[in-house]
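First up is the structure itself, then whatever we jot down about it.
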Amino acid sequence: MTKKMSMSTSKTSLVLFLCQIISALDVPLDSKLLEELSQPPTITQQSPKDYIVDPRENIVIQCEAKGKPPPSFSWTRNGTHFDIDKDAQVTMKPNSGTLVINIMNGGKAEAYEGVYQCTARNERGAAVSNNIVIRPSRSPLWTKEKLEPNHVREGDSLVLHCRPPVGLPPPIIFWMDNAFQRLPQSERVSQGLNGDLYFSNVQPEDTREDYICYARFNHTQTIQQKQPISVKVFSMDSLNDTIAANLSDTDIYGAKPVTERQPVLLTPTGSASTKVELRGNVLLLECIAAGLPTPVIRWIKEGGELPANRTFFENFKKTLKIIDVSEADSGNYKCIARNALGSVHHVISVTVKAAPYWITAPRNLVLSPGEDGTLICRANGSPKPSISWLANGVPIAIAPEDPSRKVDGDTIIFSHVQERSSAVYQCNASNEYGYLLANAFVNVLAEPPRILTPANKLYQVIADSPALLDCAYFGSPKPEIEWFKGVKGSILRGNEYVFHDNGTLEIPVAQKSNAGTYTCVARNELGKIQNEVQLEIKDPTMIIKQPEYKVIQRYGQVSFECIIKHDSTLLPTVTWLKDNDELPDDERFLVGKDNLTIMNVTDKDDGTYTCIVNTTLDSVSASAVLTVVAAPPTPAIIYARPNPPFDLELTGQLERSIDLSWIPGDENNSPITSFVVEFEDALHEPGVWRYQTEVPGTQTMAQLKLSPYVNYSFRVIAVNRIGRSQPSEPSEQYLTKSASPDENPANVQGIGSEPDNLVITWEPLKGFQSNGPGLQYKVSWRQKDVDDEWTSVIVANVSKYIVSGTPTFVPYEVKVQALNDLGYAPEPSEVIGHSGEDLPMVAPGNVQVHVINSTLAKVHWDPVPLKSVRGHLQGYKVYYWKVQSLSRRSRRHIEKKILTFRGNKTFGMLPGLEPYSSYKLNVRVVNGKGEGPASPDKVFKTPEGVPSSPSFLKITNPTLDSLTLEWGSPTHPNGVLTSYTLKFQPINNTHELGPLVEIRIPANESSLILKNLNYSTRYKFYFNAQTSVGSGSQITEEAVTIMDEVQPLYPRIRNVTTAAAETYANISWEYEGPDHANFYVEYGVAGSKEDWKKEIVNGSRSFFVLKGLTPGTAYKVRVGAEGLSGFRSSEDVFETGPAMASRQVDIATQGWFIGLMCAVALLILILLIVCFIRRNKGGKYPVKEKEDAHADPEIQPMKEDDGTFGEYSDAEDHKPLKKGSRTPSDRTVKKEDSDDSLVDYGEGVNGQFNEDGSFIGQYSGKKEKEPAEGNESSEAPSPVNAMNSFV
């Protein structure tokens, strides 16, 4: 990459830069405009920095760029010019910089490895791409190695190494068997990040000969296979059975049982390690432990918490995964492996570094001649990246000089640029972990104004709505925009219009008078241009006859009206909805021009009907409810809402009052109780009806109070017990004369938002409160208690005014007065406000703490001077926290607590303290802005208190006259423990208590044997701890001494093991306890909330076969004993084997079964012959003759060719076992099937016995050599090779 440079300049240039920043031009995204403007090159597409290619396919290195004129392209390779014309295998795409290297027609990818960089250049500059490193992917073959079989004792740990070939990119590792089935993994057996297969402890079912590691190279779509690895697990049970078969009943024999072991880490090794990860990557930490029982892994971060929402646990919690890591994730991560025998831990010190990343990437500048601008390039990383600049791909130090350019570190400052200053600048931010390269051009343009809005564009707006007239423009320098109305109209100004920076003219409330032609003029020093647009104002659409509430009898006919008024140039569409959905597709619904009719009404027609009127500019709607009732058998009185009043008449017109009269509508059998009068202000709020007054139902006239400058219309609503009528038709309009305002704004306040301002706010007057046109507000203020004159401003259309430059938090007198074109409102009242607050300057002093007792303290402080508060004094905050417990001397996570004391209090109570602890506190004053500085930390200590109750009390080992007590120290000692007090007393059968005995016990004791107790007696115990302050709360327990000396048996069920097949599982266990226990087995689907299923075990057997299970399902199982107070074993989990499509055959027709039966029959025949001969001959035989006559079958294995028994073999034995299978292919038979089968003696004894019968040979699982199969010969076709060929 281009050499990085460090640049510096004087501080005065930076000050000049900060003082002269001028916004660059914004170029509108107008395609036609962009085609016409000159522009330096911009890289739009490029290949990734690290580009791994398939060596079998053509290499395409992308480089696309845009610019005006179109750029030309060139390439460098390994830092020197790459002449593509001299290489017949390399071509460049037309009108592009993309290279195509032809590999498929004879080229070799390895020959084109290297670092490539593309340059796009035109007359305005040159842009460069990243360094693109081209490397062909590699998928090498596995090195040949001789793999010895692994012989492992049951319970030991094991690591099967994969060691895949080094590829590019690295391969994906997975383990399968020779049937291409993935090997199951669990907390006990799992694959590490390095691809090795780890066994925390091996079990007999781990025995197999086809552990195969596969490496998948995704880039080349190939899979490589390691030679199969064989694992043979020696089971202690089978070894003991073999030894027992060769010894007499009186011999002492037996292999050592499987011993449980505490955890040991398999990876990583040692107690600590380090890891470096880059910011933004995924952090993977791994801990895999050996041990029996299988250890459980737990992860913590020392001195902190694992990040929420980014932390994941994988591989049965053996892998800690943190995504999108940052520098804050650095620290020590501890993995803890634990089982019942102990724990082991490993600390991984993680350091997060960072390749450079952008804080501010440089952005393109479009400037006018003579303007100033800046390019800023800021990046961060760890370590801090260095910044270097290039101009048109050349280091800026050796690039052609430009007097308008000055480099200041990560900033380039441009002053008074000219057209020749156009260039493309590259910023390079790099550190040892990578680099960033960004192109940003400076394009100096001198362009006369252009208006991009189409000429004579027509805008249509509804009256009283905002109108927005566009004038999109471009020019360099930036043009000034002016608007005119009409051909010879004057320039538009004033509050009636809003002028936007993008040239748009806004008329907030468009009236009919605003219609016409508007001219937009854009001018700069290079020229002037104008454009005309048309504005039409349309009448709003209104529903003058709305649908009304209807009550209709079933099977009747009902009609809703919806009569509209609209602008004659707009075409309305009317849509009817029922309950905000489309009308039912039913011919009973008839939609007319201005009504909806429903024929033969049914109950389902009940609901709300809405009429919606849409035009291209506006939309209005009105709704009514239809209630369907049953037709009464006889005529009945119908009570309904009253009909609306009519014939409204206005009389007695005065400036501030008027009389309104009306004629009531039909009462509909329910007397009218009142009339509600509403008014509409057509001048300020057309279409909005507001409450005016309410009169009794006996009146038909009301005198109404009026406000000036309101165009009134009135309507009347009648009310009876059923509800309100529809409003009457509006009265004629009445416009009152204008007058000066009667009232001033309410809720005037003066509150500063910053330390140097005063924000004056008020609630603006409603439109009808203005009393005339030209509503404005006179805002006045002066500093209180200072001989100042009032300062006033007049504002309009706002409800806030900000006074700047005020002192911090001083009182002001504030008032706001309304005025209009006819004059001022009455003199307003003054309110007191304050300028903005700032944070308090002084901390409270003389902080004192008085400890009242072990859990309560009182804190005192001196108040701060009010001037230093610099705001409204809200109170004081006391921060206090526990430093450490004086009894434990151990630090913990500091949790600060806060108590707030309102007002000017100088003391407060601190409750809830922990006894015998060291605390710190500080005090801070609080105002509306925030908290002031903290006082110096004050240290105080709480005295001792009484302790909590002991953490537990257990009573064990009952005898005739003694009990053993064990206890745990209090969770909260609250001081130094001095002793324990034990009180106990007997309880008789009527629950009466006997005499109380008290015993003092030293504080360092944790158990006690109570002797000389009565036999078969229940005792109640009371136990507590003491400090020097007194006794803590007590814990109670009861226990009974036994009746006789028979040692009680505590039943226990342990070592529950499972052997699972597809649809059944063999459950076995070990039991310790009274004889004649009745067992049961409970099981269910693992993770399910369903109730456990229960199976009763016949007799007192210690095994059971669960049948009818679902293949490929995880089950939970536990064993219990009836009548033992619900005693059960711990849960075990197993998984049935997957269902396999296999041909069900009769066992009697299988070759292995027939051979086995023949062997058994032959053995019985030989035994009978021997017995017959001995019976007939009689007498004693010399040992020597016996040895000469018959070879010992236990010492010399029999051969098939001499009539004795060799090893039975069947083709079925060589098939891969199904998961969890217990079929006899491994020469073992389940104990529940046969305890003395010949299969137990078929193999496993290659050694001899001494004269005393002891076993001196080595246990071995070797078989007779079997015929070679697929993986035994490198010549035989491999399934994986077949797969590779297919891929």
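So for the sequence shown, the numbering used here puts the first residue at 126; every next one is plus one. The C-beta atom is built at its ideal place from N, Cα and C for all residues, glycine as well. Just so it is clear, the structure is predicted and the values come from calculations on it, not from any experiment.
Taking C-beta separations shorter than 6 Å and ignoring five residues to either side along the sequence, the partners of Gly-848 in its chain run Arg-766, following chain order.
Between Leu-308 and Leu-318, the C-beta spacing is not below 9 Å. A direct Cα-to-Cα measurement between Ser-782 and Ala-827 gives close to 10 Å. By the beta-carbon neighbour count (other beta carbons within 10 angstroms, threshold 16), His-975 is exposed. By alpha-carbon distance to Asn-275, the top candidate from Tyr-336, Val-475, Val-421 and Leu-1038 is Tyr-336.
Apart from sequence neighbours up to five positions away, the residues of its chain that approach Thr-223 with a beta-carbon distance below 8 Å are Val-185, Ile-186, Gln-187, Cys-188, Glu-189 and Met-217, ordered along the chain.
Relative to Tyr-584, the option among Glu-1056, Leu-742, Ile-1221 and Gln-214 whose CA is nearest is Leu-742. For Lys-1030, the number of other beta carbons within 10 angstroms of its own is below 16, and it is reported as exposed. Counted as a single uninterrupted DSSP element, the alpha helix (DSSP H) harbouring Lys-992 occupies residues 991–994. Residue state for Leu-651 is assigned as coil, using DSSP reduced to three classes. For the pair Phe-609 and Leu-577, the CB atoms are not nearer than the 9 Å cut-off. For His-344, same chain residues with a beta-carbon under 7 Å away, outside a window of 5 residues either side, are Ile-177, Asp-179, Ser-262 and Pro-294 in chain order. When DSSP reads this structure, Met-1034 sits in a beta bridge with Lys-983.
Distances from the CA of Cys-412 to each of Asn-406, Ser-850 and Trp-424 were compared; the closest alpha carbon is that of Trp-424.
Under the criterion of beta carbons closer than 8 Å, Gly-958 and Gln-874 qualify as touching, at roughly 6 Å. Boundaries cannot be given for Asp-626, as no beta strand (DSSP E) includes it and DSSP labels it neither H nor E. Between Val-1206 and Leu-1234, the C-beta gap is not smaller than 9 Å, which leaves the two residues out of contact.
Residues Lys-1241 and Arg-1243 of the same chain have their beta carbon placed closer than 6 Å to that of Glu-1256, with the five preceding and five following residues left out of the count. The secondary-structure analysis by DSSP pairs Trp-1277 with nothing; it has no beta-bridge partner. Put simply, of Asp-730, Val-928 and Thr-1188 the residue whose alpha carbon is nearest the alpha carbon of Asp-881 is Val-928. Secondary structure at Gln-894: helix, using DSSP grouped into helix, strand and coil.
By the beta-carbon neighbour count (other beta carbons within 10 angstroms, threshold 16), Val-716 is exposed.
With a 10 Å radius around the Cβ and a threshold of 16 neighbouring Cβ atoms, Asn-705 comes out exposed. One thing to note: Val-1048 has its Cβ no nearer than 9 Å to the Cβ of Trp-1006. The DSSP-derived three-state label of Lys-1214 is coil. If you check the CB distance, Ala-1150 and Leu-1102 come in under 9 Å.
When DSSP reads this structure, Tyr-339 sits in a beta bridge with Phe-299 and Gln-350.
When secondary structure is reduced to three states using DSSP, Arg-1299 falls in the helix class. If you ignore the 5 residues before and after Ile-1134, its C-beta comes within less than 7 Å of the C-beta of Ser-1087 and Thr-1089, all in its own chain and listed in chain order.
Under the DSSP definition of a beta bridge, Ala-1184 partners with Asn-1191. Taking a contact to require three or more Cβ pairs closer than 8 Å, the segment 414–423 and the segment 453–467 qualify as touching. If you look at Asp-175, you'll find it in the beta strand (DSSP E) that goes 175–178.
Between the C-alpha atoms of Gln-636 and Ser-601 there is a straight-line separation of about 36 Å. Taking the C-beta atoms as reference points, Val-939 is found nearer than 9 Å to Val-956. Annotation: Thr-485 to Cys-502 spans about 6 Å, alpha carbon to alpha carbon. In this structure, Leu-964 lies near Lys-1054, with their beta-carbon atoms less than 9 Å apart.
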